[in-house]
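Asker: So in full-length UniProt numbering, spot 13 of the sequence shown is number 13, and the numbers just go up one at a time.
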Amino acid sequence: MRKSFKLENLDCANCAAKMEAGINELPGVNKASISFMTSKLMIDADAADAEALSAIVDAAQAVCTSYEKDCRIVR
Numbered sequence: 001m002r003k004s005f006k007l008e009n010l011d012c013a014n015c016a017a018k019m020e021a022g023i024n025e026l027p028g029v030n031k032a033s034i035s036f037m038t039s040k041l042m043i044d045a046d047a048a049d050a051e052a053l054s055a056i057v058d059a060a061q062a063v064c065t066s067y068e069k070d071c072r073i074v075r
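#1: Using CA coordinates, which residue listed in Leu26, Thr38 and Ala50 is at the minimum distance from Ala13?
#2: Whole angstroms is fine: what's the gap from Gly28's alpha carbon to Ala45's?
#3: At the level of alpha carbons, what is the spacing between residue 134 and Ala17?
#4: Quick one: Cα of Met1 to Cα of Tyr67, how far?
#5: Where in the UniProt domain "HMA" (1-68) do unbroken runs of the alpha helix (DSSP H), each at least 4 residues long, occur, reported from the N-terminal end onward?
#6: May I have the straight-line CA-CA distance separating Ser35 from Leu41, to the nearest angstrom?
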């Protein structure tokens, strides 16, 4: 399942690169990419349903806030 999300309060390109690397390490994530210029997160994941994808996005949110406390993934 591939899905794109808007990122709010993404202020640091270096942090975005670290977030991307961290999200790519999450279980179930095939590939994640963050565009700092457009503030978009794309996740390609092995999620069978919306609930599984939601769990992956929750984990991705934790990664994001570990680098930028105000950064939010808009669902």
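We treat Cβ as the ideally placed atom computed from N, Cα and C, and that holds for glycine.
Answerer: Straight from the coordinates:
#1: Thr38
#2: 6 Å
#3: The first residue shown for the chain is 1 and the last is 75, placing residue 134 beyond what the model contains.
#4: 26 Å
#5: 13-24 and 50-67
#6: 7 Å
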